[in-house]
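2 protein chains.
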Amino acid sequence: MNSVTVLAPATVANVVCGFDVLGFALGAPYDTMTLRLTSQPGVVIINKDDYNLPTEPRRNVAGAALLALLRAVSEPIGFEVEIAKAIKPGSGIGSSAASAAGAVVGANALLDNRFTQAELVEFATYGEEVASGVRHADNIAPCIYGGVTLIRSTEPLDIIPIPAPPLYVTVVHPQIEVKTSDAREILKKQVPLKDAIRQWGNVGGLIAGLMKGDYALIGRSLEDVIIEPVRSILIPGFAEVKRASQEAGALGGGISGSGPSIFMLSQHETTARQVEAVMQSVYHGLGIDFHTYVSTINLEGVRVMPVETEINIPT
Amino acid sequence: MNSVTVLAPATVANVVCGFDVLGFALGAPYDTMTLRLTSQPGVVIINKDDYNLPTEPRRNVAGAALLALLRAVSEPIGFEVEIAKAIKPGSGIGSSAASAAGAVVGANALLDNRFTQAELVEFATYGEEVASGVRHADNIAPCIYGGVTLIRSTEPLDIIPIPAPPLYVTVVHPQIEVKTSDAREILKKQVPLKDAIRQWGNVGGLIAGLMKGDYALIGRSLEDVIIEPVRSILIPGFAEVKRASQEAGALGGGISGSGPSIFMLSQHETTARQVEAVMQSVYHGLGIDFHTYVSTINLEGVRVMPVETEINIPT
Numbered sequence: 001m002n003s004v005t006v007l008a009p010a011t012v013a014n015v016v017c018g019f020d021v022l023g024f025a026l027g028a029p030y031d032t033m034t035l036r037l038t039s040q041p042g043v044v045i046i047n048k049d050d051y052n053l054p055t056e057p058r059r060n061v062a063g064a065a066l067l068a069l070l071r072a073v074s075e076p077i078g079f080e081v082e083i084a085k086a087i088k089p090g091s092g093i094g095s096s097a098a099s100a101a102g103a104v105v106g107a108n109a110l111l112d113n114r115f116t117q118a119e120l121v122e123f124a125t126y127g128e129e130v131a132s133g134v135r136h137a138d139n140i141a142p143c144i145y146g147g148v149t150l151i152r153s154t155e156p157l158d159i160i161p162i163p164a165p166p167l168y169v170t171v172v173h174p175q176i177e178v179k180t181s182d183a184r185e186i187l188k189k190q191v192p193l194k195d196a197i198r199q200w201g202n203v204g205g206l207i208a209g210l211m212k213g214d215y216a217l218i219g220r221s222l223e224d225v226i227i228e229p230v231r232s233i234l235i236p237g238f239a240e241v242k243r244a245s246q247e248a249g250a251l252g253g254g255i256s257g258s259g260p261s262i263f264m265l266s267q268h269e270t271t272a273r274q275v276e277a278v279m280q281s282v283y284h285g286l287g288i289d290f291h292t293y294v295s296t297i298n299l300e301g302v303r304v305m306p307v308e309t310e311i312n313i314p315t
Numbered sequence: 001m002n003s004v005t006v007l008a009p010a011t012v013a014n015v016v017c018g019f020d021v022l023g024f025a026l027g028a029p030y031d032t033m034t035l036r037l038t039s040q041p042g043v044v045i046i047n048k049d050d051y052n053l054p055t056e057p058r059r060n061v062a063g064a065a066l067l068a069l070l071r072a073v074s075e076p077i078g079f080e081v082e083i084a085k086a087i088k089p090g091s092g093i094g095s096s097a098a099s100a101a102g103a104v105v106g107a108n109a110l111l112d113n114r115f116t117q118a119e120l121v122e123f124a125t126y127g128e129e130v131a132s133g134v135r136h137a138d139n140i141a142p143c144i145y146g147g148v149t150l151i152r153s154t155e156p157l158d159i160i161p162i163p164a165p166p167l168y169v170t171v172v173h174p175q176i177e178v179k180t181s182d183a184r185e186i187l188k189k190q191v192p193l194k195d196a197i198r199q200w201g202n203v204g205g206l207i208a209g210l211m212k213g214d215y216a217l218i219g220r221s222l223e224d225v226i227i228e229p230v231r232s233i234l235i236p237g238f239a240e241v242k243r244a245s246q247e248a249g250a251l252g253g254g255i256s257g258s259g260p261s262i263f264m265l266s267q268h269e270t271t272a273r274q275v276e277a278v279m280q281s282v283y284h285g286l287g288i289d290f291h292t293y294v295s296t297i298n299l300e301g302v303r304v305m306p307v308e309t310e311i312n313i314p315t
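Put into structure tokens, the structure is as follows:
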């Protein structure tokens with residue numbers, strides 16, 4: 001196999017109380033990437049979308065991730081990568097993670113899956129470093145593992161897949177810019193111990209609720225007393241979206257990543273669609289353009305597409 | 001049934017990273033209490049041990065808990081309670097919680113179990129208020145529910161039983177005094193956000209490890225970067241006990257409650273016994289008297305003893 005196509009999904013990181021530790025993969029949207037194994041060492045990036053992302057491999061998220069992977073390979077090989085992004089950069093749903101994760105999962109498929117998922121996460125974090133200056137795995141981990149992931153520790157990296165019951169996710173991406181650097185600077189460096197205790201009680205409740213399939217407990221645990229009160233002021237419509245979504249039956253939700261996207265979890269698809277309608281209504285009312293997405297949690301992560309084999313008909 | 005005997009176990013609260021939210025019940029030691037239903041409204045306390053605890057019901061932990069329960073009862077009834085404590089007050093393994101929980105579970109048995117476990121926890125917290133001034137449920141919850149419990153929220157009270165694999169607990173109680181008030185005052189009111197994140201990553205990991213039965217993950221998650229570094233200085237021998245216990249094969253552990261007891265978790269009983277030996281060695285070396293206990297996690301909580309029924313042989 002010399003070429004492969006992968007679908008790299010969007011992801012939600014900073015899941016409410018689980019700031020910096022909990023993330024999950026979405027069914028939609030996703031980027032489409034085609035990788036070709038070449039005998040020319042290095043990486044060639046070909047952008048097939050309108051985002052004008054850098055093509056110099058060191059400065060491209062997928063390129064930097066692939067260069068990290070190639071440093072662990074002894075053969076003189078390289079990759080040519082065509083990238084058609086559907087996940088808009090800066091949306092807060094893991095656009096850069098999809099590029100980085102898709103690239104290394106595709107490359108690994110071309111190398112007979114010689115690397116573990118944990119190794120692929122490590123390589124992909126070099127892509128995140130290009131995007132944000134930090135080798136964080138909050139989005140990379142769920143993008144590669146699929147489902148819900150807990151990053152127990154970053155140093156050393158310790159990724160724990162968390163089993164979860166069926167959940168529907170509604171995401172709204174208002175077309176405004178929230179810089180990750182602003183979203184980070186606005187946070188207080190010190191937090192009250194009593195708030196931290198409430199937060200880790202909720203993290204424990206959320207993990208237990210997911211693993212027990214206890215939707216009511218999941219809903220009660222989707223509370224963030226530390227980050228959301230500070231960051232949500234950067235997102236017009238946040239409070240109204242949250243209130244209206246919960247009135248429509250959502251279990252709960254919050255800011256996706258560092259925003260501006262907002263996600264809500266629901267037990268049923270019909271609820272998730274109603275949540276989508278109230279989100280649309282809020283941003284129509286505010287006169288802000290937006291996209292919405294409804295999907296289940298994506299248990300697979302990056303999908304490697306089956307190769308269409310050439311059929312040789314004997315003559 | 002007019003009288004009942006209950007065994008009320010010791011408990012470990014503040015389970016390492018799970019400060020103020022995670023606790024579990026021990027197999028030993030436990031208090032023995034006998035309750036009699038009387039037609040005299042109010043509570044009579046009879047102490048059968050050498051701790052000289054107050055007998056005035058309002059000032060006695062079991063008494064205050066029973067008075068809270070009686071406020072929810074419409075009949076003109078009362079209880080006479082004999083208490084033989086084996087759990088030394090001030091040990092950090094839930095001595096007051098055992099008195100309060102044992103009392104209300106016993107009373108409930110005499111009232112045909114009309115109250116839920118959650119209601120019993122509420123009543124019992126009035127006993128904790130007598131002991132420490134705070135109606136906390138950290139020890140009450142595991143004492144009544146058994147096993148491992150998460151207190152996701154105190155306001156409103158939300159207790160989540162956490163399934164756990166077989167675990168052995170070794171406890172050492174050095175005979176020194178650590179006042180709960182001192183242990184609380186020494187804590188910083190503000191904590192660095194990065195430490196809080198590490199802590200809630202560990203809480204998530206510990207819950208996931210317990211529910212998956214993943215002993216290695218349990219061990220990695222038994223890390224406390226906020227409370228233990230501050231409080232452990234109040235307990236002579238703490239660092240040495242912890243280091244030697246882990247060298248002996250313990251998964252990990254820390255301060256029980258607010259100390260001075262220290263607990264360690266092990267996967268196997270043989271390891272738990274070796275851990276007991278190293279604990280004994282440390283405190284022998286320091287010339288500090290101590291008690292040690294080895295048990296499994298107690299899945300039952302307060303045990304209501306079967307009543308010996310009188311056999312009437314027809315003549």
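Chains as they are written, first to last, in full-length UniProt numbering: chain E, 1 to 315; chain D, 1 to 315. Backbone N, C-alpha and C define an ideal beta-carbon position, used for all residues, glycine too. Since we're looking at a predicted model, the values are computed, not measured.
- Query: What residues from the segment 136 to 157 of chain D come within 7 Å of chain E, judged by C-beta to C-beta, listed N to C?
  - Reply: L150, I151, R152 and S153
- Query: Counting contacts by CB-CB distance shorter than 8 Å, is P29(D) in contact with chain E?
  - Reply: Position 29 of the second sequence, counting from 1, holds the residue named residue 29(D). No, because no Cβ of chain E sits closer than 8 Å to the Cβ of P29(D).
- Contacts around P76(E), its chain only, beta-carbon distance under 8 Å, and the 5 residues preceding and following it disregarded: Within the first sequence, the letter at position 76 stands for residue 76(E). Counting only Cβ-Cβ distances below 8 Å, and skipping sequence neighbours, we find S39 and P41.
- Endpoints, alpha helix (DSSP H) assigned at I218(E): Here residue 218(E) corresponds to residue number 218 of the first sequence, with the count starting at 1. First-last of the alpha helix (DSSP H) with I218(E): Y215 to S221.
- Item | P156(E) versus D112(E), I227(E), A118(E) and V169(E), residue with shortest Cα-Cα distance | As a first step, residue 156(E) must be located in the first sequence, where it is residue number 156. The shortest Cα separation from P156(E) among D112(E), I227(E), A118(E) and V169(E) belongs to A118(E).
- Going along the chain, which residues of its own chain have a beta-carbon closer than 6 Å to the beta-carbon of Y126(D), five neighbours each way excluded? Stepping through the second sequence from its first residue, residue 126(D) is reached at position 126. So the list reads A64, A65 and A68, once near-sequence residues are dropped.
- Query: Between G78(D) and V43(D), is the Cβ-Cβ spacing less than 8 Å?
  - Reply: As a working note, residue 78(D) is residue 78 in the second sequence. As a working note, residue 43(D) is residue 43 in the second sequence. Going by C-beta atoms, G78(D) is nearer than 8 Å to V43(D).
- Any contact of the segment 135 to 145 of chain D with the segment 17 to 35 of chain D, i.e. 3+ C-beta pairs under 8 Å? yes
- Item | Within chain E, partners of G18(D) - CB distance below 9 Å | Position 18 of the second sequence, counting from 1, holds the residue named residue 18(D). Going along chain E in sequence order, the residues near G18(D) (Cβ under 9 Å) are W200, G201 and G204.
- Item | chain D contacts made by the segment 246 to 279 of chain E, where a contact means CB separation under 7 Å | none
- beta strand (DSSP E) segment containing S3(D), residue limits: Sequence index remark: in the second sequence, residue 3(D) carries index 3 (1-based). Here the beta strand (DSSP E) through S3(D) covers S3 to V15.
- Three or more beta-carbon pairs under 8 Å between the segment 293 to 301 of chain E and the segment 167 to 182 of chain E, yes or no? yes
- Task: Would you list the residues sitting across from V148(E) in a DSSP beta bridge?
- Result: Walking along the first sequence from the start, residue 148(E) turns up at place 148. V148(E) is bridged to F24(E) and I162(E).
- Can you tell me which of the three DSSP states M33(E) falls into? For this step, residue 33(E) is matched to residue 33 along the first sequence. Strand at M33(E).
- Buried or exposed: where does Q175(E) fall if 16 or more other Cβ atoms within 10 Å of its Cβ makes it buried? Stepping through the first sequence from its first residue, residue 175(E) is reached at position 175. Per the 10 Å Cβ criterion, exposed.
- Among A8(E), S153(E) and V148(E), which one has its Cα closest to the Cα of G94(E)? The sequence position of residue 94(E) within the first sequence is 94, counting from 1. G94(E) has its Cα closest to that of A8(E), out of A8(E), S153(E) and V148(E).
- Task: Would you please verify whether the beta carbon of S3(E) is less than 8 Å from any beta carbon of chain D?
- Result: For the purposes of this step, residue 3(E) is identified with residue 3 of the first sequence, where counting begins at 1. Judged by the 8 Å Cβ criterion, S3(E) is not in contact with chain D.
- Message: Taking contact to mean 3 or more Cβ pairs, one atom from each stretch, closer than 8 Å, check whether the segment 194 to 206 of chain D and the segment 215 to 224 of chain D are in contact.
- Response: yes
- Message: Pop quiz: V230(D) and G106(D) are said to be a contact at Cβ under 8 Å. What is the actual Cβ separation, rounded to whole angstroms?
- Response: Position 230 of the second sequence, counted from the first residue, corresponds to residue 230(D). Position 106 of the second sequence, counted from the first residue, corresponds to residue 106(D). Incorrect: roughly 37 Å between the Cβ atoms, too far for contact.
- Message: Taking the straight line between their C-alpha atoms, what separation do you get for A250(E) and L222(E)?
- Response: Against the first sequence, residue 250(E) aligns to sequence position 250. Against the first sequence, residue 222(E) aligns to sequence position 222. Near 11 Å, if we compare the C-alpha coordinates of L222(E) and A250(E).
- Task: Taking all protein chains shown into account, decide if G259(E) is buried (16 or more other Cβ within 10 angstroms of its Cβ) or exposed.
- Result: On the first sequence, residue 259(E) is found 259 positions in, with the first residue counted as 1. It is buried - the Cβ of G259(E) has at least 16 other Cβ atoms within 10 Å.
- Task: Using a Cβ cut-off of 9 Å, pull out every chain D residue sitting near P192(E), in sequence order please.
- Result: As a position in the first sequence, residue 192(E) is number 192, starting the count at 1. Residues of chain D passing the Cβ test: K189, Q190 and V191.
- Query: What are the uninterrupted segments assigned as beta strand (DSSP E) that are 3 or more residues long and contained completely in the segment 53 to 127 of chain E, given in chain order?
  - Reply: 78 to 84
- Cβ-Cβ distance between K85(E) and L193(D) below 8 Å: Counting from one through the first sequence, the residue named residue 85(E) turns up at place 85. Counting from one through the second sequence, the residue named residue 193(D) turns up at place 193. No, Cβ-Cβ distance for K85(E) and L193(D) is not below 8 Å.
- Leaving out the 5 sequence neighbours to the left and right, which residues in its chain are closer than 6 Å to A272(E) when beta-carbon positions are compared? One-based indexing of the first sequence puts residue 272(E) at position 272. Here the set comprises Y168, T170, S266 and V294.
- Look up L286(E) in the DSSP assignment and give the residues it is bridged to. As a position in the first sequence, residue 286(E) is number 286, starting the count at 1. In the DSSP output, where bridge partners are listed per residue, L286(E) has none listed.
- Task: Starting from the N-terminal side, write out each stretch of the beta strand (DSSP E) that is 3 residues or longer and does not extend beyond the segment 225 to 256 of chain E.
- Result: 252 to 255
- Task: Give me the Cβ distance between G257(E) and G92(E), rounded to the nearest whole Å; I'm assuming they're in contact under 8 Å.
- Result: Against the first sequence, residue 257(E) aligns to sequence position 257. Against the first sequence, residue 92(E) aligns to sequence position 92. About 4 Å; that satisfies the 8 Å criterion.
- Task: Give me the Cα-Cα distance between I186(D) and I235(D), rounded to the nearest whole angstrom.
- Result: For this step, residue 186(D) is matched to residue 186 along the second sequence. For this step, residue 235(D) is matched to residue 235 along the second sequence. Roughly 13 Å between the two C-alpha positions.
- Which residues, taken in chain order from the segment 215 to 226 of chain E, show a beta carbon closer than 8 Å to some beta carbon of chain D? L217, R220, S221 and I226
- Message: Is there a Cβ of chain D sitting closer than 8 Å to that of A196(E), yes or no?
- Response: Walking along the first sequence from the start, residue 196(E) turns up at place 196. Taking Cβ atoms only, chain D reaches closer than 8 Å to A196(E), which makes this a yes.
- Taking a Cβ distance cut-off of 7 Å, strictly less, list which residues of the UniProt domain "GHMP kinase N-terminal" (62 to 147) of chain D are near chain E, in chain order. none
- As assigned by DSSP and simplified to three states, the class of S181(D): Within the second sequence, residue 181(D) is the residue found at index 181, counting from 1. DSSP places S181(D) in helix when its eight states are reduced to three.
- Item | Exposed unless 16 or more other CB atoms sit within 10 angstroms - verdict on V15(E) | The residue you call residue 15(E) lines up with position 15 of the first sequence. By the neighbour-count rule (16 or more Cβ atoms within 10 Å), V15(E) is buried.
- Ordered along the chain, which non-local residues of its own chain (more than five positions away) have a Cβ less than 7 Å from that of E82(E)? Position 82 of the first sequence, counted from the first residue, corresponds to residue 82(E). Cβ neighbours of E82(E) beyond the five flanking positions: M33, T34, I46 and K48.
- Task: Label E276(D) either buried or exposed according to how many other C-beta atoms from any shown protein chain fall within 10 Å of its C-beta, with 16 as the threshold for buried.
- Result: Position 276 of the second sequence holds residue 276(D). Counting Cβ neighbours within 10 Å, E276(D) comes out buried, since at least 16 surround it.
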